[in-house]
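Asks: The structure is given below, and queries will be raised subsequently.
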Amino acid sequence: MKVTFQAFTIINAKDTNGAAIYNRGTLNLKGMKIAESTSTNGAIYNKVSLYITKTSFSSNKAKKGAAIYNLGYLNSQYSTFNKNQVSHLGSAIYTTETGKIVIYANNFTENYNSSVYLASRKDNEIRATQFINNTAVNGAAIYNDGILRVNKTYFYNNKATQHGGAIYNKNLMTIQNSTFTQNYAKINGGAINTQSSAKIIYSKLNENTAKYGGAIFNTQNITIQNDKFNTNHVSDHGGAIFNSVSKTGYVKITNSEFTKNTASLGGGVYVHGKVTITINTCSFNENKNNAIYLKTSGDKNTITNTNFTKNNSTKNGGAIFNEATKLTITRSTFKENGNTDGGAIYNYRGYVTVTNSIFKANKRIDLHNTQGKIIADKNWWETNTKPGSTRAFNVTINN
655 MKVTFQAFTI
665 INAKDTNGAA
675 IYNRGTLNLK
685 GMKIAESTST
695 NGAIYNKVSL
705 YITKTSFSSN
715 KAKKGAAIYN
725 LGYLNSQYST
735 FNKNQVSHLG
745 SAIYTTETGK
755 IVIYANNFTE
765 NYNSSVYLAS
775 RKDNEIRATQ
785 FINNTAVNGA
795 AIYNDGILRV
805 NKTYFYNNKA
815 TQHGGAIYNK
825 NLMTIQNSTF
835 TQNYAKINGG
845 AINTQSSAKI
855 IYSKLNENTA
865 KYGGAIFNTQ
875 NITIQNDKFN
885 TNHVSDHGGA
895 IFNSVSKTGY
905 VKITNSEFTK
915 NTASLGGGVY
925 VHGKVTITIN
935 TCSFNENKNN
945 AIYLKTSGDK
955 NTITNTNFTK
965 NNSTKNGGAI
975 FNEATKLTIT
985 RSTFKENGNT
995 DGGAIYNYRG
1005 YVTVTNSIFK
1015 ANKRIDLHNT
1025 QGKIIADKNW
1035 WETNTKPGST
1045 RAFNVTINN
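Per our numbering, the very first residue in the sequence shown carries number 655; after that it's consecutive.
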């Protein structure tokens, strides 16, 4: 049975499941207003199919899904969710494992405790939507425990008291063409905290802050492609990205830019654990306290076709601090990087090979090696002659 409700208001409804509406068929809502309802599960409780257009949900309260508790199919377009709150998760929408969501051009503002919670393993999508000024313990905008695609979506000033200022991810997630600006987490992942595999593509992450991982905190496989990280900040490690993997995993970063990110260690990228990192065709500019810090047990770590310019550190390794890691660098450029030792690269107990790369106007010593090994072969040092100890300390130079 198909039913359409249009252009009327429901206020102050109360019930256990679906304070305003309990749906077991196909329901269309158009131009509705649902406000100030109180329930255990949702102002709307949806078991089958729910289509929402230009409808507003405000100041609803529940344990889960203050606006919508969804067990079926939910399609929401051009709707707003404002100041809804829950004691558990999903202040605007809570979707169970049996449900599916398609959210297009919605606005989620000032909701408390994860605006959207998702457990569904189906093909779920959030597109062309805004999440602004939401708050939570973890994942103020989205808490994903299912499978989710996020596309062309804007996250601004979302705040978490623990992890994932905008998004907390525990399952599979792909983010494309999205922007994260000025999101905050007190502990890990100012914009995104991902505990499972994730892909972030053609996105911008700017001015996000946390203790670890200003933009992204990651503990599993992650692919970063065609992204821009600008002016993210942490009080500890990983200004833009913090990666720590206890099981064997990978970090793949391609065609991405890291600019003016800051940390106490790893201003651009911090990678630690049983992980293999691949960086290809990227740029690291003006990051503070190492563009990259590496301490991994993976044996195929590579940096290729990447430019490092004006990165600095108050300690070691303006561009790269490599600790106990096997690293191969090829066809990369190090220019005007600076610090105390190893203006371009500082290696401690690791094994580094640098080939066909350019070192130009770096401060102090270009390459500094302590208790490890650096082999430099066929590089250019602003001269055709082999550099002396003023350019490379304890380094084997073959060109």
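Just so you know, even glycine gets a beta-carbon here, dropped at the ideal spot from N, CA and C.
Counting along the chain, where does the beta strand (DSSP E) carrying N1033 start and finish?
Replies: Unbroken run through N1033: none, as it is neither H nor E.
Asks: What separation, rounded to the nearest whole angstrom, lies between the Cα atoms of G952 and K840?
Replies: Answer to the nearest angstrom: the Cα atoms are 30 angstroms apart.
Asks: What is the C-beta distance between I895 and I933, in whole angstroms, given that I count them as a contact (C-beta under 8 angstroms)?
Replies: Actually they are not in contact, since the Cβ atoms of I895 and I933 sit about 11 angstroms apart, beyond 8 angstroms.
Asks: Use the C-beta contact count for S741: other C-beta atoms within 10 angstroms, 16 or more gives buried, fewer gives exposed.
Replies: Result: exposed.
Asks: On the CB-based measure, 16 or more other CB atoms within 10 Å of its CB, does K813 come out buried or exposed?
Replies: It is buried - the Cβ of K813 has at least 16 other Cβ atoms within 10 Å.
Asks: For H742, list the residues DSSP reports as bridge partners.
Replies: H742 pairs with nothing; no bridge assigned.
Asks: In chain order, what are the residue ranges of uninterrupted beta strand (DSSP E) at least 3 long that sit wholly in the region 886-916?
Replies: The region 886-916 contains these whole beta strand (DSSP E) runs: 895-908, 911-913.
Asks: Pull up the distance between the alpha-carbon of Y732 and that of K776, whole angstroms please.
Replies: Distance between the alpha carbons of Y732 and K776 is about 22 angstroms.
Asks: Evaluate V929 with the Cβ neighbour count: other Cβ atoms within 10 Å of its Cβ, from every protein chain shown; 16 or more gives buried, anything less gives exposed.
Replies: By the neighbour-count rule (16 or more Cβ atoms within 10 Å), V929 is buried.
Asks: Using only alpha-carbon positions, find the residue among L981, Y727, I780, S713 that is nearest to T763.
Replies: Of the listed residues, the one whose Cα sits closest to T763 is S713.
Asks: Going along the chain, which residues of its own chain have a beta-carbon closer than 8 angstroms to the beta-carbon of S918, five neighbours each way excluded?
Replies: Once the five neighbours on either side are set aside, the close Cβ partners of S918 are V888, S889, D890, H891, N943.
Asks: Beta strand (DSSP E) containing Q816: first to last residue?
Replies: Note, Q816: beta strand (DSSP E), 813-817.
Asks: Give every residue of the same chain whose Cβ lies closer than 6 angstroms to the Cβ of E1036, excluding the five residues on either side of it in the sequence, and list them in chain order.
Replies: The answer, listed in chain order, is K1014.
Asks: Count the other CB atoms, across all protein chains shown, that sit within 10 Å of the CB of G843; report buried if there are 16 or more and exposed otherwise.
Replies: Buried, because 16 or more other Cβ atoms sit within 10 Å of the Cβ of G843.
Asks: What are the residues that DSSP puts in a beta bridge with N792?
Replies: The partner list for N792 (beta bridge, DSSP) reads H817.
Asks: Within 10 angstroms of the Cβ of T960, are there 16 or more other Cβ atoms? Answer buried if so, exposed if not.
Replies: T960 comes out buried.
Asks: Taking only the alpha-carbon atoms, compute the straight-line gap between G818 and I1028 and give it to the nearest angstrom.
Replies: Going from the Cα of G818 to the Cα of I1028 covers about 38 angstroms.
Asks: By alpha-carbon positions, which one of K865, N991, N811 ends up nearest to R1018?
Replies: Of the candidates K865, N991, N811, the one whose C-alpha sits nearest the C-alpha of R1018 is N991.
Asks: Using only CA atoms, which one of V657, Q739, N729, T658 lies nearest to A697?
Replies: Of the candidates V657, Q739, N729, T658, the one whose C-alpha sits nearest the C-alpha of A697 is Q739.
Asks: Distance, Cα to Cα, N760 vs S768?
Replies: Distance between the alpha carbons of N760 and S768 is about 15 angstroms.
Asks: Hey, would you say N823 sits closer than 8 angstroms to T848, going by beta carbons?
Replies: Closer than 8 angstroms, so yes.
Asks: Can you check whether the CB of T982 is closer than 8 angstroms to the CB of T1007?
Replies: Cβ atoms of T1007 and T982: closer than 8 angstroms.
Asks: Looking only at C-alpha atoms, which of T789, A864, I755 sits nearest to Y766?
Replies: Closest option to Y766, Cα to Cα, is T789.
Asks: Would the beta-carbon of F834 fall within 8 angstroms of that of F871?
Replies: Going by C-beta atoms, F834 is not nearer than 8 angstroms to F871.
Asks: If you draw a straight line from the alpha carbon of V905 to that of I854, how long is it in whole angstroms?
Replies: Using only the alpha carbons, I get a separation of about 12 angstroms.
Asks: Measuring only the C-alpha atoms, how far is N677 from Q660?
Replies: Those two C-alpha atoms are separated by around 15 angstroms.
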